[in-house]
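Asker:
Protein chains: 2
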Amino acid sequence: MTGDCIFCKIIKGEIKTDFVYENHDYVAFMDINPVAKGHILVIPKKHYPFFIDMPEKEFAEMNKVVHKLAIALKKATKTDYIHLGIEGTDVHHTHIHLVPRNEGDGLTTYKRTGYEEGEMDKYAEKIKSFL
Amino acid sequence: MTGDCIFCKIIKGEIKTDFVYENHDYVAFMDINPVAKGHILVIPKKHYPFFIDMPEKEFAEMNKVVHKLAIALKKATKTDYIHLGIEGTDVHHTHIHLVPRNEGDGLTTYKRTGYEEGEMDKYAEKIKSFL
Chain X
0 MTGDCIFCKI IKGEIKTDFV YENHDYVAFM DINPVAKGHI LVIPKKHYPF
50 FIDMPEKEFA EMNKVVHKLA IALKKATKTD YIHLGIEGTD VHHTHIHLVP
100 RNEGDGLTTY KRTGYEEGEM DKYAEKIKSF L
Chain Z
0 MTGDCIFCKI IKGEIKTDFV YENHDYVAFM DINPVAKGHI LVIPKKHYPF
50 FIDMPEKEFA EMNKVVHKLA IALKKATKTD YIHLGIEGTD VHHTHIHLVP
100 RNEGDGLTTY KRTGYEEGEM DKYAEKIKSF L
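The structure is reproduced here in structure tokens:
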């Protein structure tokens, strides 16, 4: 927990929000600036800046909750599918976005770049060297 | 498995790609059109169109692999953090993007919208009714 973390304040009830789910370790609530209506955030109660700071097992457990919520969210919004995203820039208390989406809505698309000749292989080798 | 699924073809070795990881159930390989250099995709070997089509437990297991890979990817690219995203639109074989990112790089940002008065509460109630 950090004193100025907005998500820690939400968990402590110091900032009012619309919760949709809570268990011992995780909560889910509505994003007040949604990418699409119904957009929710799932967070651990414990303050971890990024998802890789969580123990692996805890990250897996959180994703069980995420899976349940995504199914409910798809039913509630009657959309084609649920986008899942961990952005990480805005609030440094790890959070998983679940955004109801429809085919062709153009939300959350990625801008792509490319590699120089042989460069991708070098990245692959480098990544493998850390596994 | 579906005959025309590009990711199923990659798993079967019919399309050549740069793998960085493989175990019994999941593989990870380089995205040839990266959002940022080092961008990898993690997929289950079994063909599931969307992540909510996976059994919850299997999705959690995949995220253990994702967590390991994200740590290696951050070390390999020396970036500030790893973005995680499930887009779902392009290839309907569920896949998790891991994209190395730096603060302020402006990649993978969300466009936001809003709610009418009282509308967010209604969405929250609807979602809860499916949990």
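So the protein lines, in turn, are chains X and Z. Each residue of the first sequence is one higher than the one before, starting from 0 at the first, in numbering that gives the first Met the number 0. Each residue of the second sequence is one higher than the one before, starting from 0 at the first, in numbering that gives the first Met the number 0. Here a beta-carbon is modelled for each residue, glycine too, at the ideal position from N, C-alpha and C. Values in this document were obtained by computation on a predicted structure and should not be read as measured data.
1) So what does DSSP say about Z:Leu83, is it helix, strand or coil?
2) Taking X:Asp17 as the query, report the chain Z residues whose CB atoms sit under 7 Å from its CB, ordered along the chain.
3) So is Z:Asp3 buried or exposed if we call it buried at 16+ other beta carbons inside 10 Å?
4) Check X:Tyr109 in the structure and name its three-state DSSP category.
5) Tell me which same chain residues have a C-beta within less than 6 Å of the C-beta of X:Ala27, skipping the five on either side of it?
6) What residue does the beta strand (DSSP E) around X:Asp25 start on, and which one ends it?
7) Distance check for X:Lys127 and X:Lys73, CA to CA, integer angstroms please.
8) So, is the C-beta of Z:Leu106 closer than 8 Å to a C-beta in chain X?
9) Could you give the DSSP three-state label for X:Phe18: helix, strand or coil?
10) To the nearest angstrom, how far is the alpha carbon of Z:Glu60 from that of Z:Glu116?
11) For X:His38, does the three-state DSSP call read helix, strand or coil?
12) Consult DSSP for X:Leu97 and reduce its assignment to one of helix, strand or coil.
13) Heavy atom of the ligand ATP less than 7 Å from the Cβ of X:Arg100, yes or no?
Answerer: On the basis of the supplied data:
1) strand
2) Met119, Asp120, Ala123
3) exposed
4) coil
5) Val19, Tyr20, Ile39, Val41, Leu68
6) The question names Asp, but residue 25 of chain X in the sequence shown is Tyr. That run of the beta strand (DSSP E) goes 25-29.
7) 36 Å
8) yes
9) strand
10) 40 Å
11) coil
12) strand
13) Annotation note on the ligand ATP: not contained in the displayed structure, which lists no ligands.
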